[in-house]
Every structure is written in C-alpha cells, then in structure tokens.
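Quick mapping for you: the protein sequence lines, in order, are chains A and B. Under the working numbering, residues 28 to 528 are what the first sequence spells out, in order. Under the working numbering, residues 255 to 406 are what the second sequence spells out, in order. The beta-carbon is built from N, C-alpha and C at its ideal position, and this holds for glycine as well. These figures come from a predicted structure and were not determined experimentally. Below is one structure, written out as structure tokens, with a few remarks after it.
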Amino acid sequence: MEILAGLMQGFAVALQPANLLWCLVGVVLGTVVGIMPGLGPPATIAMLLPLTFLMNPAGAMIMLAGIYYGAKYGGSTTSILLNVPGESASVVTCLDGYQMARQGRAGAALGIAAIASFIAGTVGVLGLMLVAPPLAKVALSFSSPEYFALMALGLAMVVLLAGRSMVKALLAMLAGLWIAGIGTDLFSTTSRFTFGRMELLSGVDFVVVAIGVFAIAEVLANMEAREETRLLPVPKGLRNLLPTVQDLKDCRFAFANGSVVGFLIGVLPGAGSTIASFISYGLEKAVSRRRERFGTGVVEGVAAPEGVNNSETGGALVPLLTLGIPGSGTTAVLLAALVLWGFKPGPLFIPENPALFWGLVASMYIGNVMLLILNLPLVPAFAQVLRAPAFVLYPVILGISIVGVYSASGSLFDVALLAAFGLLGYVMRKLDYPAAPLILGLVLGGAMERALRQSLMMSEGSLSILVARPISAVMLSLALLILLIPLFTKVNAWRLRALDS
Amino acid sequence: MARKFGAADFYSGLVLAALATYIIVQARQWEYLGPDGPGPGFFPLWYGIAMAALSGVLVLSSAWREKSAERVEWQKIGRALAVWFALAVSVAALKPLGFVASFAALTFFIAAVMYRRPLALAAAVAAASAAAFYVLFPLALGVPLPAGVFGF
C-alpha cells in the first residue's frame, strides 16, 4: 500500500506539464546522445548539469535521468546500422544487430531493440520501486564505520572492473581522492593542496573535473581521426520496423533474461551495463537451441543485450538513491547533481524527499513509453543525427562545456582548470587509466574522509571500530578480497577475459 | 623472450610517484591525530602512502613488461593536442576578447585547419555558431558569458 501511495504521488509530480516536457527533452537528448558514437551520457549530463541549477530539482532530475536511460535506447541504432556502438553498453548489439541489418532486417532489429528496451527498462523501474524503500530502511541503521566500509567496497568494485590494470585503476581512484581533498578542511579550517591560490580554497568543482575528463577528453579523442560514417539504409514506415510474431516468440527468454540480469548487475557498484550486456548475451547463447547461429543475425542476440542495458539503469539508481553510493561515472555525475541541488542521497533521501523519489520513478515509466513511441517510428529521423558534420558538432560541445563551467561559478580560473582536466582525461585514455575510478574517488572522497574521521572520533582514535562492527567488517573484508583478486591467477584471468571481450 | 622497457607506464608512474611525494610531504605538515580525533593530515597521508606504493609497483613492473607491438600514432595524437592547444588559447583569450570572439576563432580553427573545409564555409560556421550561443545563452536563457573589449 505504501508503494502504491508513493507511486500515485509520483505520477502526480511526473504528469505535471513542465515535468512531462523535461522528461521528453531528456529522453530525446538521451536518444540523440546514444546514437552519436563518442559522446556518452556522463559527458552530456555533466555538460548540462550547470544549466539545471535554475530549474526545479524534480524537473532537472527527471531530465537528467531521461538522458541516462534514453541513451541506452539510442545506442542500439548506431550498433545496428553502422556496426559501431553509439554507447559502450551497445557493443554486444553489434554482433547480431549489424548482421540483421546486412540481411535487410535493420527494421526488425531496431524494432526488437526498442521493444526489449521498453520491457526490461520497465522491469528495472519496477525493481527500483520495490527494492529501494526497504533497502533505505535497512541502511538507516548504518553509522559512520558502515558508511566508510560501504564506500570502500563500492570503490573496490569499480576498481576491479574499470580496466585491465587494477594498479592503474587504483592510482586513478587515489588521484580522485586527492582532488577531493583540495581546499579547506571543514573539521579544522586548514587549507590543503591549494598551491597558495585563493580560487582553490573552496575546492575543485566536481562539474569542472567531470566535464573536462568526460566531454573535453571525448572531443579530443574523436579529433584524432577524420572519419566519415557509412550508414546502412533505414527502412521507412512503421510496418518495416515491427518485428514478426516469430521474432517476438524467439525473444521470450531474452526479454526475461535482460530484465532480471540487468537489474541485479545494476545494483552492484562497478559492474555497469557493458558487463551486464555481455553476461546476458552469454546466458542467452548458452540456453538457446540455435546457439551456433549467434553472431550471424539472430534476433535474441539483439533483444538480450538491449534489454539488459535498460534494466541496469533502474538497478544502478538503487545504491545511488538509498546509500548515496554511485556505481559508475554516470551515476557519480547524478549524485553530484543531487548534492549540488541541496539533497543528501542516502537512507533518508526517500523519507525526506518522497515527491522527488516517486516523481523520478513515475517519470521513468512515462519516459520508457515515450522512448518506445519515439524509437519505433522516428528511428530514421534520429539516425540523421549521424550525418551532423564533425566540424560543427565538436566546437559546439566545447562551447557548451565552457558555458557550463562558467555559468556554474562565474570564474575564468575554473574554465582554465576545465582545459587542464580535459588534457588530463585525454592523457588518461591514451595511457589506459580508467576515468570512472577518478570520478568516483572525487565524488566519494569528501564523504569517505568524513566517515573515517567520525568513526575514529567515536573510537577515540582506534581503527578497530572499523572491524568490530559486523556489517562494516564484512564489507571491508569483501573490499580487501576484491583488491587481492590479481593475486588469484584463475579469478584474475576470468576478470581479464571478461574485460577483453 | 627479451623483456623490455614500458616507457608510458614508467613515466606516468614517475609522475604519480612525484605527486604522492608531494601529498605525503604536505600531509606531514598538518596535524595527524589531535585531542578530537584525526586531523587534516590523517587521510591524505594514508592515500599518499598508497599512491607512492602503487606508483612504485607500476614503475617497477613496467621495466619487466614486454614492449608493446602497438605503434604510437603520433600524427593522431598531434591532431588531438593541436585542438587542445587551440582550446587553451581560446580560454586564455576569454578575458580580453570575450566568449563570442574566442569561440568563433576556435570554431574557425577546427573547421578550417583540422577538417580542411573552405575558408568561407569555416568562417560562416564560426560566425553562425558564435551568434547562436550568444542568442541562446545571454539573451534567451539569461546565462552570462565572459565579455571582452567588444562588450560581448
């Protein structure tokens, strides 16, 4: 009953005309961003974040979340038509989606991707709605040691799955902690790592780092080549985009597989939709009667990964909203957005902001319907985005990045920092240092230090408090085990195979 | 098989080791443990030590790694760095010239130099983009942009 009442309240918020409009803007922007290879949701959300400061937080959150899950729909279009994933979560869709397109079944592939995304996306929101409130109640018993342990576990998971080298991922995460420590220490008012610059006394703005490392670095990486995209023809007309009844029958298990696997993996910090899509594709292939045909253009090979990457979105919002722990670069940006608007994601977030939480949940149901409607008949129109000339697109992204940072702080020093972090992000890419641990270290660094210092105040300086409490002891043990994985040859070989694939 | 020197990891490891040293030296100047609990030097000292240890591992392991067969594509990197340099110059020009002029110059550079479009087309794209930003942000949305000697 409590959930139903919450959902009714949520629909009352989400169905307000302004919020419906922001939801539409978010899902359309998300679809466009998903279609464009090289511009991902974290970069887009980071760029637009400063522009949302003047908006109502509910509308802003609905729009940013729309970009997040809308991009998952859009990513399939590029995978199917170009054999280039528009979004990292759509890599697996290339395997069968592009083959279907080459066989003249691009319409069916795009249609099944949209239907699978809708079904699994809706199941993901259902999971969020059912799991988040009870989990938040459990988390109410958490104190500083548990929070420190939880953040350590989250960071360890992200480090585990962020890249081939765990040493580099850890170093990136530690660099994030250092950047988070720049500025005035609120416990003692000591200024730390400010290089004598007044501008750094209030710390480095998260927006500056996120836009630099994601958006500017992406533009620089895309500027390396002067490639022209070759688009396969998209059939016009709704009839050509609808899969056959046999296609839908073939995808029955894929719809369920994508929905469940996506949500479960989404809840785990660090795994993310790319890994979830590989697991779901592997599971689908393992149980299929025609597994030997996977990779030649079977419809289940599109439905499973496209479903999973949408269901994962609902799962990823569970730890973000109930524990304040983001599991990926995109959710880290969403966490920063909530904090910048004055909210405190964690166990009290849902009881203190029921309209925002339930409004977001309801808007995701509505957004998934909007995306299904938009993606079936309008795919040919969306695909035209790929024809936007790079020499217009990239300067526009750079311009929006500069405006975003300047509008947030009014400081040209921050704009200069933006350029510096853009270069850092590009260098990290070239040297295989993953960006997600840096961003998560930056987002969680302040809270992690605060939780550790509060824990040690409670114990009068004894670190034993971190292992004396059972929940914190279990989480810290898990984090330690994860960080020791490279020492276990077989497990590490599995991790590297998963990342390579 | 002969094991050779992994230059990129070696040098990035050295840079991070230098950063770790800086963090540790700074953290040691601040209070570690006070009467009220950990001081401002407590957390940085520990992540500084962790960073120093891990960067040491990276530097040492790079010396033992097989040299990658992958060639460094300096031409591609040069293109990216050229755009970054243009961005840095346009950021430096924001104060004297303002956003509109410096952004137009950046757009012109990318279109004309990086994508080798005809000068007239590049100039038209630069002017149109800068004008669109000016109309959208300061005029329509009320979002301020850096203004220079031209007043916009």
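Continuous alpha helix (DSSP H) stretch holding residue i: start and end
i: GLN481 (chain A); result: 462-485
i: LEU387 (chain A); result: 381-402
i: ASP441 (chain A); result: 439-457
i: ALA244 (chain A); result: 244-249
i: THR358 (chain A); result: 356-367
i: ILE238 (chain A); result: Note, ILE238 (chain A): premise wrong, no alpha helix (DSSP H); not H, not E.
i: PHE145 (chain A); result: 133-166
i: ARG333 (chain B); result: 328-346
i: LYS371 (chain A); result: Taken as a continuous stretch (DSSP letters only), LYS371 (chain A) belongs to no alpha helix (DSSP H), as it is neither H nor E.
i: GLY33 (chain A); result: 29-41
i: TYR100 (chain A); result: 84-109
i: SER436 (chain A); result: 417-436
i: MET63 (chain A); result: Note, MET63 (chain A): premise wrong, no alpha helix (DSSP H); not H, not E.
i: GLY302 (chain B); result: 296-318
i: GLU339 (chain A); result: 327-350
i: GLN126 (chain A); result: 120-129
i: PRO392 (chain B); result: Here PRO392 (chain B) belongs to no alpha helix (DSSP H), and DSSP marks it neither H nor E.
i: SER25 (chain A); result: Absent from the structure is residue 25 (chain A), since the part of chain A shown begins at 28 and ends at 528.
i: PHE280 (chain A); result: 279-294
i: LEU261 (chain B); result: In the sequence on display, residue 261 (chain B) carries Ala and not Leu. From DSSP, the alpha helix (DSSP H) with ALA261 (chain B) extends over 261-282.
Same chain, Cβ closer than 7 Å to residue i, neighbours up to 5 away in sequence not counted
i: LEU26 (chain A); result: Absent from the structure is residue 26 (chain A), since the part of chain A shown begins at 28 and ends at 528.
i: LEU347 (chain A); result: PRO353, THR358, LEU361, LEU362 and PRO372
i: PHE5 (chain A); result: Any property of residue 5 (chain A) remains undetermined from this structure, which presents chain A solely from 28 to 528.
i: VAL294 (chain A); result: GLY342, VAL345 and PRO346
i: LEU360 (chain B); result: ALA340, LEU341 and SER344
Interface residues of chain B facing residue i [CB-CB closer than 7 Å]
i: ASP212 (chain A); result: PRO294
i: PRO422 (chain A); result: LEU360, THR361, ILE364 and SER383
i: ARG224 (chain A); result: The contacting residues do not exist; ARG224 (chain A) stays about 14 Å from chain B at best.
i: ALA417 (chain A); result: TYR369
i: LYS371 (chain A); result: Those within 7 Å of LYS371 (chain A) in chain B number zero; the least Cβ separation is about 21 Å.
Cutoff 6 Å; reference residue i; Cβ partners in own chain excluding five residues on either side
i: ALA256 (chain B); result: Here ALA256 (chain B) scores only 45 on pLDDT, less than 50, and its place in the model should not be relied on; the value that follows carries that caveat. Excluding residues within five positions, none has a Cβ falling inside 6 Å.
i: GLY394 (chain A); result: CYS50, VAL54 and GLY93
i: ALA98 (chain A); result: GLY57, VAL60, GLY61, PRO68 and GLU114
i: ASN284 (chain A); result: SER307, LEU310, GLU311 and ALA331
i: SER171 (chain A); result: ALA478, GLN481 and SER482
i: ALA384 (chain B); result: VAL354, PHE357 and ALA358
Contact set for residue i: own chain, Cβ-Cβ below 8 Å, skip 5 residues either direction
i: ALA20 (chain A); result: Here chain A has residues from 28 to 528 only, and residue 20 (chain A) is not among them.
i: GLY352 (chain B); result: LEU399, PRO400, ALA401, GLY402, VAL403, PHE404, GLY405 and PHE406
i: LEU287 (chain B); result: GLY293 and PHE296
i: PRO380 (chain A); result: In the sequence as presented, Pro is not what sits at residue 380 (chain A); that position holds Asn. The residues are PHE370.
i: ALA364 (chain A); result: ILE72, LEU76, THR79, ALA87, MET88 and LEU91
According to DSSP, residues forming a beta bridge with residue i
i: GLY288 (chain B); result: B:GLY291
i: ARG219 (chain A); result: A:GLY210
i: GLY352 (chain B); result: B:ALA401
Test: residue i CB closer than 8 Å to a CB of chain D
i: VAL236 (chain A); result: Any reference to chain D falls outside this structure, whose protein chains are A and B.
Within chain B, the residues that residue i reaches when beta carbons sit closer than 9 Å
i: ARG253 (chain A); result: ARG333, MET368, TYR369 and ARG370
i: GLY488 (chain A); result: LEU287, GLY291 and PRO292
i: ALA363 (chain A); result: The contacting residues do not exist; ALA363 (chain A) stays about 19 Å from chain B at best.
Chain A residues whose Cβ lies nearer than 9 Å to that of residue i
i: GLN284 (chain B); result: For the sequence presented, residue 284 (chain B) should be read as Trp rather than Gln. Those are ASP212, SER215, THR217 and ARG219, listed as they occur along chain A.
i: PRO298 (chain B); result: LEU204, TRP205, GLY208, ARG219, PHE220 and GLU476
i: PHE264 (chain B); result: Those within 9 Å of PHE264 (chain B) in chain A number zero; the least Cβ separation is about 11 Å.
i: VAL337 (chain B); result: VAL246, LEU247, MET250, TYR421 and LEU425
i: VAL345 (chain B); result: ILE429, LEU439, VAL442, ALA443, LEU445 and ALA446
Partners in chain A for residue i, counting only beta-carbon separations shorter than 7 Å
i: ILE278 (chain B); result: What ILE278 (chain B) touches in chain A: nothing, since even the nearest Cβ is about 11 Å away.
i: LEU348 (chain B); result: LEU439 and VAL442
i: LEU270 (chain B); result: LEU198
Chain B residues whose Cβ lies nearer than 8 Å to that of residue i
i: GLY449 (chain A); result: TRP338 and LEU341
i: MET484 (chain A); result: ASP290, GLY291 and PRO292
i: ARG480 (chain A); result: GLY291, PRO292, PHE296 and PHE297
Residues that residue i contacts on chain A, provided the C-beta gap is smaller than 8 Å
i: PHE261 (chain B); result: This sequence places Ala at residue 261 (chain B); Phe is not what is there. In chain order: nothing, as chain A lies at least about 10 Å away.
i: ALA304 (chain B); result: LEU197 and LEU201
Checklist entry - Going along the chain, which residues of the region 366-390 of chain B sit with their C-beta nearer than 7 Å to a C-beta in chain A? => result Taking 7 Å as the Cβ-Cβ cut-off against chain A, the residues of the region 366-390 of chain B that qualify are MET368, TYR369, ARG371, VAL379, SER383 and PHE387.
Item to check | chain B contacts from the region 196-207 of chain A (Cβ-Cβ distance under 7 Å) | outcome: LEU197, LEU198, LEU201, LEU204 and TRP205
Item to check | Residues from the region 64-90 of chain A in contact with chain B, defined by Cβ distance under 9 Å | outcome: PRO77, LEU78 and LEU81
Next on the checklist: What are the residues in the region 429-440 of chain A lying within 8 Å of chain B by C-beta distance?
Outcome noted: ILE429, VAL430, TYR433, SER434, GLY437 and LEU439
Next on the checklist: For the region 395-406 of chain B, list every residue whose C-beta sits within 9 Å of some C-beta in chain A, in sequence order.
Outcome noted: Listed by position along the chain: LEU395, GLY396, VAL397, PRO398, LEU399 and PRO400.
Checklist entry - Given a limit of 8 Å on CB to CB distance, which residues of the region 287-321 of chain A reach chain B? => result none
Item to check | Chain-ordered residues of the region 308-322 of chain B with a beta carbon less than 7 Å from chain A | outcome: LEU308, SER309, VAL311 and LEU312
Next on the checklist: To be precise: take each residue of the region 162-193 of chain A, compare its Cβ to all Cβ atoms of chain B, and keep it if any distance is under 9 Å. Which residues remain?
Outcome noted: Cβ contacts with chain B come from SER192.
Checklist entry - According to a CB-to-CB cut-off of less than 9 Å, which residues of the region 129-161 of chain A neighbour chain B? => result Answer in chain order: no residues at all.
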